[in-house]
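Inspection log for the structure reproduced underneath, given as structure tokens.
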Amino acid sequence: MKHILILVICILFFAGFANAAERTMSGELVVLDGSASRFRLVGHDGTFTAPAGTSLSDLDGKAVEVELSSGGKVTQITERPVAITPQTSGFETVRGQMIVRDPVARSFGLAGDNRVYIAPATVDIAPYGGKWVEVSLDAQSQVTGLKLVAAPPPGPVSAPIPAAPMGGVAASGAATCMVGNATVASGSTVCREGITHRCDSGTWVSLGTACR
């Protein structure tokens with residue numbers, strides 16, 4: 003008789019524990035079409051009725067925890083915070099021909115880009131000098147990755163720019179640039195030493211794009 007009583011107590015205890023465990027459910031809340039109080043939980047069967055005064059529109063599509071009474075009635079709905087994993091991959095990616103500035107300090111630039119970059123301590127930038135590279139940057143513009151890439155397709159063939167190009171001013175007043183003995187308008191592009199240059203208000207500016 004004593005053993006039977008102990009067995010009954012254990013059954014009641016574990017039954018109560020199971021019921022308690024079933025009183026909390028979690029998942030994404032989805033409001034049923036045309037209803038202000040009925041909803042379902044993604045990953046769970048059946049539908050539920052929210053407690054009076056609960057604004058389901060504010061919880062629609064969000065991760066929640068739903069507390070149920072022993073009779074299966076919803077007693078409380080709580081929005082569950084979603085953990086956000088910090089973004090560690092590159093925040094920005096730039097490409098261009100590398101210009102090694104200081105191999106010891108690992109500082110470099112890209113043709114046509116006036117920014118100075120610092121490679122990670124484990125990277126030797128010397129082999130990348132003069133080659134096309136892709137640079138990955140984080141949100142603080144720190145270099146997180148560096149790799150060789152193929153040069154872009156050649157641009158239009160044009161006459162080479164003289165060693166000391168001279169600018170000028172057109173009759174309209176817009177600054178121009180010289181190509182040999184010819185004058186070209188601002189915005190024109192030509193090829194010099196394998197790199198595309200653009201006339202910018204009387205000054206030739208390297209675009210860092212390969213040409214021939």
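The sequence shown stops at residue 214 when you use my numbering, and every number in between is there.
Note that CB positions come from ideal geometry on N, CA and C, so glycine has one too.
Under DSSP, R200 shares a beta bridge with T191 and V207. Within the same chain, W134 come within 8 Å of A152 by CB-CB distance, once the 5 residues on both sides are set aside. Around the Cβ of L34, a 10 Å sphere holds fewer than 16 other Cβ atoms; the residue is exposed. For the options D202, I197, G196 and T198, the alpha carbon positioned closest to that of A187 is the one of D202.
Your pair F50 and V66 does not check out as a contact, with CB atoms roughly 11 Å apart and the cut at 8 Å. Annotation note: the segment 92-163 contains the following uninterrupted beta strand (DSSP E) runs of length 3 or greater, listed N- to C-terminal: 94-104, 109-112, 115-120, 134-139 and 145-150. When secondary structure is reduced to three states using DSSP, S28 falls in the strand class. Inclusion of L70 and R25 in the CB contact set at 7 Å is warranted, their separation being smaller than that value. When the Cα atoms are used, V32 and G63 turn out to be separated by approximately 6 Å. Measuring C-alpha to C-alpha distances from A113 to each of A121, G132 and T205 identifies G132 as the nearest. Here F41 is actually not in contact with A54; their C-beta atoms are around 14 Å apart, not less than 8 Å. Distance check between G204 and each of T211, G196, G210 and G189 places G189 closest, using alpha-carbon atoms only.
Boundaries for T56: no beta strand (DSSP E) harbours it, and the DSSP string shows neither H nor E there.
Setting aside the 5 residues that flank it on each side, T56 is surrounded in the same chain by I79, each with a C-beta closer than 7 Å to its C-beta; the list follows chain order. P83 has its alpha-carbon roughly 51 Å from the corresponding atom of V207. Note: V44 is not bridge-paired with any residue in the DSSP secondary-structure output.
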